[in-house]
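Colleague:
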Amino acid sequence: MNNNTYVNQIVCAWEESYKKGLLTFWILLAIHNGPKCVRQIKTYIESDIATNFTVDEKSLYRSIARFKKMELIVEHDEPSTRGGPTLKVYDLSPQGREALKLFYERNIKQIFLTKQFINETKGL
Numbered sequence: 353m354n355n356n357t358y359v360n361q362i363v364c365a366w367e368e369s370y371k372k373g374l375l376t377f378w379i380l381l382a383i384h385n386g387p388k389c390v391r392q393i394k395t396y397i398e399s400d401i402a403t404n405f406t407v408d409e410k411s412l413y414r415s416i417a418r419f420k421k422m423e424l425i426v427e428h429d430e431p432s433t434r435g436g437p438t439l440k441v442y443d444l445s446p447q448g449r450e451a452l453k454l455f456y457e458r459n460i461k462q463i464f465l466t467k468q469f470i471n472e473t474k475g476l
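In this text, residue positions in the sequence shown follow our numbering: the first is 353, and each later residue adds one.
1. Give the straight-line distance between the Cα atoms of T406 and K467, rounded to the nearest whole angstrom.
2. Could you tell me the boundaries of the beta strand (DSSP E) in which L444 lies?
3. Considering only residues of the same chain and omitting the five flanking positions on each side of K394, which have a CB-CB separation below 8 Å?
4. Have a look at G373, K453, E398 and Q392 and flag the residue whose alpha-carbon is nearest the alpha-carbon of L439.
5. Is it true that the region 379-388 meets the region 363-370, where meeting means three or more beta-carbon pairs spaced less than 8 Å apart?
6. Report yes if the C-beta of E368 is less than 7 Å from at least one heavy atom of the ligand PLP; otherwise report no.
7. Can you give the beta carbon distance from I425 to S445, rounded, assuming they're within the 8 Å contact cut?
8. Please report how far the alpha carbon of D443 lies from the alpha carbon of E423, in whole angstroms.
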């Protein structure tokens, strides 16, 4: 097997694990500035602002159901702007807001936003 192909396969597998592990963070981050429906959450996660990777709606719905049981998010209905059925929108609960903040402080801010990390990753 070509070394470049092998390395690419390793990195692709690594990326999939990485993305799955951070899906919770991206979902909670998507709604931290206000309620969003699943389509809006998906659009946010797939945007350049966030991850620029694709996520299927089934995964989002499963995650959202889990977060509701954990009381990290709340669901409410909003009237449709197009006259259709009500739209389910999701927002952070107080516990969800606190969990997101704590995760950010421990895992994003303390690791990725330090001068040492920035220096270590120069040239990548």
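Glycine included, each C-beta is placed from N, C-alpha and C at the ideal position.
Modeller: Looking at the atomic coordinates:
1. 30 Å
2. L439 to L444
3. V407, E409 and L412
4. Q392
5. no
6. Here there are no bound small molecules, and the ligand PLP is not part of this structure.
7. 6 Å
8. 11 Å
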